[in-house]
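Engineer: For the sequence shown, numbering that gives the first Met the number 0 begins at 0 and goes up steadily by one.
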Amino acid sequence: MKIEIYSDVLCPWCYIGKRRIAAALDGFAHRDELEIVWRSFELAPGEGSEPGPTAAEAMAEWTAPDVLPGRIELIKSQGRQEGLELNLHKSRPVGTFDAHRLTHFAAERGLLEPVMERLFHAYHTEALNVADREVLVRLAGEAGLDEAEVREVLESDRYADAVVADGNRARQFNVTGVPSVVIDGRMPVSGVQAPEKLLTFIERAWERAHKEPAASV
């Protein structure tokens, strides 16, 4: 059974969801029989590589002033529950196309998990520019990838098609936000739900996939 997870490093809920999805999978009896695929989803495809306003300032553009402080505190408190420090007043949204290309390379090298973790922490906690290729090279090296290989990848157009293909696949499954989880090709569910709820979705999908066909009369 395949589980596809759509995510973007800019999204604080994706960092939170990553923890909750992992907890749900850890509680699933058939974890080793699942195919887990992380998919790219660009939240801000028009953003460049130069940091602008902070995430909190960007939120102010679409959030009512009387609601904004509570919204920010909700995200930060939910992050704290998962052991995460989310600095929305420091992190600055940028384009993530190269970061997504990097994750595809990391997946090919079997290092997707540490690379994703390093990217999330770098952006949300350290407020680093994850569109800066030299920053990406350093972060990838810290996560176990060869820096020279990473630089070569980023200076080329490798994995660009994979990022675009993930975006097209997201539209195919009606994924409009992240984190979204597509289980066995069905409609997406939110990946930021409590682990027990996510586990229920996975268990039900497993039961459907392994249900014995009715005996013919």
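All residues carry an ideal CB built from backbone N, CA and C; glycine is no exception. Please read all numbers here as calculations on a predicted model, not as lab measurements.
Considering W37, what are the terminal residues of the beta strand (DSSP E) in which it resides?
Structural biologist: The residue given as residue 37 occupies position 38 in the sequence shown. Residues E34 to S39.
Engineer: Using DSSP's beta-bridge definition, name the partner residues of S76.
Structural biologist: Locating residue 76 in the sequence shown gives position 77, where the first residue counts as 1. Note: S76 sits in no beta bridge, so no partner.
Engineer: Taking just the CA atoms, how far does G82 sit from N128?
Structural biologist: For the purposes of this step, residue 128 is identified with residue 129 of the sequence shown, where counting begins at 1. For the purposes of this step, residue 82 is identified with residue 83 of the sequence shown, where counting begins at 1. So the alpha carbons of these two residues sit roughly 22 Å apart.
Engineer: Run through DSSP, which three-state label would Y14 get?
Structural biologist: As a working mapping, residue 14 is identified with position 15 in the sequence shown. In the structure shown, Y14 sits in a helix (DSSP, three-state: H, G or I).
Engineer: Check whether the Cβ atoms of F40 and Y5 sit closer than 8 Å, and answer yes or no.
Structural biologist: If you number the sequence shown from 1, residue 40 lands on position 41. If you number the sequence shown from 1, residue 5 lands on position 6. The beta carbons of F40 and Y5 sit closer together than 8 Å.
Engineer: Would a C-beta distance cut-off of 8 Å place T95 and V188 closer than the cut-off?
Structural biologist: The residue you call residue 95 lines up with position 96 of the sequence shown. The residue you call residue 188 lines up with position 189 of the sequence shown. No, Cβ-Cβ distance for T95 and V188 is not below 8 Å.
Engineer: Which same chain residues end up closer than 7 Å to W205 when comparing Cβ atoms and leaving out the 5 residues on each side of it in sequence?
Structural biologist: Walking along the sequence shown from the start, residue 205 turns up at place 206. Same-chain partners within the cutoff: M0 and H29.
Engineer: Across the region 67-76 and the region 97-106, are there enough close Cβ pairs to call them in contact, namely three or more that are closer than 8 Å?
Structural biologist: no
Engineer: Cα separation between L135 and N173?
Structural biologist: Within the sequence shown, numbered from 1, the residue matching residue 135 stands at position 136. Within the sequence shown, numbered from 1, the residue matching residue 173 stands at position 174. Looking at the two C-alpha atoms, the distance is approximately 30 Å.
Engineer: Is the Cβ-Cβ distance between R91 and G51 less than 8 Å?
Structural biologist: Walking along the sequence shown from the start, residue 91 turns up at place 92. Walking along the sequence shown from the start, residue 51 turns up at place 52. At a Cβ-Cβ threshold of 8 Å, R91 and G51 count as neighbours.
Engineer: In the DSSP assignment, the beta strand (DSSP E) including C122 goes from what residue to what residue?
Structural biologist: Locating residue 122 in the sequence shown gives position 123, where the first residue counts as 1. According to the sequence displayed, residue 122 carries Tyr and not Cys. Counting along the chain, Y122 falls outside any beta strand (DSSP E), though it belongs to the alpha helix (DSSP H) covering L111 to H123.
Engineer: Examine the ligand GTP and report whether any of its heavy atoms sits within less than 7 Å of the Cβ of D7.
Structural biologist: You won't find the ligand GTP in this model; it holds no ligand whatsoever.
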